[in-house]
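So the structure is just underneath, and the comments pick up after that.
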Amino acid sequence: MKKVIFALVCSFIVCACVLNCSAYEHEEYYKGAKKGEVLNVFNWGEYISDSYEDGMLDVNKEFEKLTGIKVNYVTFESNEDMYAKIKNGGASYDIIVPSDYMIERMIDENLLQKFDVKSLPNYHYIDEKYRGMYFDENDEYCVPYNVGMVGLIYNTKVVTETPDSWKIMWDEKYAGKILMIDNPRDAFAIPQKILGYSFNSTDEKELSDVAQMLIDQKPLLQGYVMDEVYNKMESGEAAMVPYYVGDFITMHDVNPDLAFVYPKEGVNIFVDAMCIPECAQNVSAAMKYINFMLDPEIGLCNAWYIGYASPNTGVVNNPDYADYAENKLLYPDEDSMPDVEYFHNLPQETLERFASLWNDIKVAGSSNTHIYVGFSVVGVCFAAYVVYSYIKKKKREYWYDFPNT
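Counting the sequence shown from 1 gives a position; the numbering used here is that position plus 961.
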């Protein structure tokens, strides 16, 4: 149903573009692009409206049509993967879309550029409650893109009770059917709340307690996932996973047997925002792109397609968005709002401890199959070498004994 309505909305927008040449506000702002100009964008997977199929709108293509700027669009799976790419200088991007705590970290490490958000004609659409946030108090480094929370997605055909606690992810009757999110901050957050700890704890013992819970859970897991979660949950291959509410809405559209709950212990709330990294080569095009993403029509298409809450008042107040704006998973009222906490950047020694513990968790309890396979491969290679040497020797003997003609 969501996709049908979305297709109708976007079809209307596309028609409006054809009839009016541009359905976008402040068209003059997008002029002046140089021929052959390229914009490199680094964003999460499944995080933008990217197809004209069934009447949907390809946002990047629309930007290219409007400005003449070519968009080179690349995706990442986690904040940590994105950070490593930027930090190590592996590539140059003009736009990145990190989450709050990672923005705070990248500001601290001088990896982001300041820019004047008030020079963006469409910035006034950003809701006041998403301005001056803890990770960018002076609104100098980023513009909010989406808002969301983490909860538990579960398959009602397998999980017959209605779970209300993260503890179900340690229930042995679901062994082999549990997925765990494959990044350390989100994974640690779950046992942190079970144990009554803060997401932002730096206490050594608390971090060790959390790591041990994740190690204890590992034999019950089907695996660790990020973007592959879609196939596993939509197909019914897995029973449950902690994941983002917007992605649940997308998955539920494919598999209506899926349900979602905010566990009673508490959940992470986050804001993802558009930033210009220090390594950016095309700041002018980046500013145009950010403004374009704030256009109410483009914001509406993205909000429909992605399924996350929007910080854009031009989207939330649009009558075509009413069914989403009234969805209490996305926009909970006071009665339905779970206990929430933001991630913050952590001291360097804590980050290093996180990385070390996460590595221990991923290695702990791993099957020794890979060791046996390794020995087997070595054995096969050795046997092949012996056979090869024997044949080679026989060939030499054969040619030595073969009479000259």
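Glycine included, C-beta positions come from ideal geometry on N, C-alpha and C.
| said: One question on the structure: do Ala1416 and Tyr1135 come within less than 7 Å of each other, judged by their Cβ atoms? | reply: Residue coverage of the chain in this structure runs from 962 to 1366, which leaves residue 1416 outside it and unanswerable.
| message | Could you tell me which whole beta strand (DSSP E) segments of length 3 or greater appear in the region 1057–1123? | response | 1103–1116
| message | For Gln1368, count the other beta carbons within 10 Å of its own beta carbon; 16 or more makes it buried, fewer makes it exposed. Which is it? | response | This structure cannot settle anything about residue 1368, because the visible part of the chain is limited to 962 through 1366.
| Under 7 Å between the Cβ atoms of His1305 and Asn1144? | no
| query | What are the uninterrupted segments assigned as beta strand (DSSP E) that are 3 or more residues long and contained completely in the region 1198–1265, given in chain order? | reply | 1201–1205, 1219–1222 and 1228–1236
| field | Val1035 vs Phe1003 beta-carbon contact at 7 Å | value | yes
| message | Applying the 10 Å Cβ sphere with the 16-neighbour rule, what's the burial state of Val1215? | response | exposed
| request: Could you tell me how far apart the beta carbons of Ile1114 and Met1194 are, in whole angstroms, since I believe they sit closer than 8 Å? | output: 6 Å
| message | Bridge partners for Ile1142 per DSSP, in chain order? | response | Val1186
| field | Nearest neighbour of Phe1231, chosen from Tyr1191, Asp1296, Leu1261 and Asn1107 [CA to CA] | value | Asn1107
| query | Distance, Cα to Cα, Ser1297 vs Glu1023? | reply | 37 Å
| Touching by the beta-carbon criterion (3+ pairs, under 8 Å), the region 1054–1072 and the region 1214–1228 | no
| When you compare only the Cα positions, how much space is there between Ser1126 and Leu1181? | 17 Å
| field | Simplified DSSP state of Leu1018, which is helix, strand or coil | value | coil
| message | If I measure Cβ to Cβ from Phe1209 and keep anything under 8 Å in the same chain, skipping five residues before and after, which residues do I get? | response | Gly1112, Ile1114, Leu1219, Phe1221, Gly1268 and Leu1290
| message | Please state whether the Cβ-Cβ distance between Val1206 and Val1190 is less than 7 Å. | response | no
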